[in-house]
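In what follows, a single structure is set out as structure tokens and then discussed.
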Ligand code: NAD
Ligand code: DAU
């Protein structure tokens, strides 16, 4: 099999590339990535010399380029992760999210169709999406695959739109597709604009921890390595045209998660108990901030037998250890452009 993975230099994508190279050594993997601020080839240093791995720098918003890439390669499958992924950035610059997440996905569908039509046998287009398309839950209930779409942020609206286009290519053109909608991921190589790596970095540097609103919002956290495993299972055994929710049954309010993280950081950095929590600073809430996400992943467990492998406490500790032992990676990605972004977003906080 020759698989095209888009966004493979990003957080989840790099774990998916690594997982596929390790678990499917007979496959050829082409990683297509634009290398935006979130894409980093250092995320792939341990595997980039493997003979069955190839990196292509390119932009999914460039339809002609994609047509050429598909004409020059006989891809059997696409695993599409490339996207603008940060909600706060989507509030600051919505159009970029429409162009990358919607137009980019349609370009990819067009190129795959042009290459595969009319014989789709053995082909698969796998679109990686998010639970945020379902909107916000109250205190009760879980998102199932039947939950109506109700996105609120420009990011989630763009992902919802891309999901609809993928289904349209299945229904209209017979494209073999599968979609998964996953909850919040955490783990190594996550860009430190997202809650967990941002707060680890700020604690190390004794900077304030900007908690949006009252910290009462709830997220359902999944270790990125478990997400990569779920993607493998769904890519190979998921039913054509279906959607699978992925989540860890692991709900945490932001403030409880932050307190746990602070305790772990105090221990790891040998600081007095309570030192990290003193850095908590409540700031203006995110606009349109969804209250609660929680995933019912029973379909995936029932049909394909996938279950998360580790507890959150264990996964979070492993994650902290990784960031503390990769200070160079963190310094590298937090310099330059990132610094300017952080100042614009948070001012002097
Ligand atoms: P990320 O921001 O870390 O990585 C995105 C990657 O896409 C980067 O390598 C970037 O360079 C690349 N990219 C962006 N625009 C591109 C373009 N125009 N052409 C080619 N490449 C481009 O994102 P992530 O957190 O790894 O998320 C990956 C996917 O998973 C996204 O589709 C996201 O919506 C989805 N997702 C993320 C989470 C999460 O918690 N992070 C949860 C569920 C779903
Ligand atoms: O649910 C899946 C989604 O999870 C993915 O689709 C997105 O790509 C990914 O970014 C993530 O979105 P969130 O907005 O939930 O993640 P983030 O890490 O930005 O924020 C997690 C929670 O923490 C959220 O309630 C907002 C809050 N937060 C975040 C930041 C960055 C803060 O309180 N302070 C912060 O500085």
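In the working numbering, the protein residues as written are 3 to 351.
Beta carbons: idealized from backbone N, C-alpha and C, even for Gly.
Given the structure is predicted, the values throughout are model-derived calculations rather than measurements.
Open item on the list: Going by DSSP in three states, residue 224 sits in which element: helix, strand or coil?
Closed with: For residue 224, the three-state secondary structure derived from DSSP is strand.
TODO: List the endpoints of the continuous alpha helix (DSSP H) containing residue 297.
DONE: That residue, residue 297, is in no alpha helix (DSSP H); it is neither H nor E in DSSP.
- [ ] Could I get the ranges of all uninterrupted alpha helix (DSSP H) runs contained in the segment 105-137, with 4 residues as the minimum, in chain order?
- [x] With a minimum length of 4 residues, the unbroken runs of alpha helix (DSSP H) contained wholly in the segment 105-137 fall at 106-118.
Open item on the list: So residue 212 and residue 283 are supposed to be a Cβ contact under 8 Å. How far apart are they, rounded?
Closed with: 6 Å
Task: Bridge partner(s) assigned by DSSP for residue 254 - done: 221
Open item on the list: Less than 7 Å separating the Cβ of residue 281 from some heavy atom of the ligand DAU?
Closed with: no
Task: Test item: CB-CB of residue 106 and residue 62 under 8 Å - done: yes
Task: Whole-angstrom distance between residue 286 and residue 246, CA atom to CA atom - done: 34 Å
- [ ] On the DSSP bridge assignment, give the partners of residue 58 in chain order.
- [x] 34
Open item on the list: On the criterion of 16 or more Cβ atoms from any shown chain inside 10 Å, does residue 309 qualify as buried, or is it exposed?
Closed with: By the neighbour-count rule (16 or more Cβ atoms within 10 Å), residue 309 is not buried but exposed.
- [ ] With a threshold of 16 other CB atoms inside 10 Å of the CB of residue 36, please say whether the residue is buried or exposed.
- [x] By the neighbour-count rule (16 or more Cβ atoms within 10 Å), residue 36 is buried.
Open item on the list: I need the DSSP call for residue 248, collapsed to helix, strand or coil.
Closed with: strand
Open item on the list: Cutting at 7 Å between CB atoms, please list the residues of its own chain near residue 214, excluding the five before and the five after it.
Closed with: 285, 287, 288, 291
- [ ] Within its chain, find whatever has a CB closer than 6 Å to the CB of residue 30; leave out the 5 residues flanking it on each side and keep chain order.
- [x] 4, 54
Open item on the list: Can you tell me which residues form a DSSP beta bridge with residue 206?
Closed with: DSSP output for residue 206 lists no bridge partner at all.
Open item on the list: Does the structure place the segment 180-196 close enough to the segment 236-256 that three or more beta carbon pairs sit under 8 Å?
Closed with: yes
Task: Distance between residue 275 and residue 27 (C-alpha atoms, nearest Å) - done: Roughly 46 Å between the two C-alpha positions.
TODO: Leaving aside the five residues before and after residue 241 along the sequence, list all residues of the same chain whose C-beta is less than 8 Å from its C-beta, in chain order.
DONE: Here the set comprises 180, 305.
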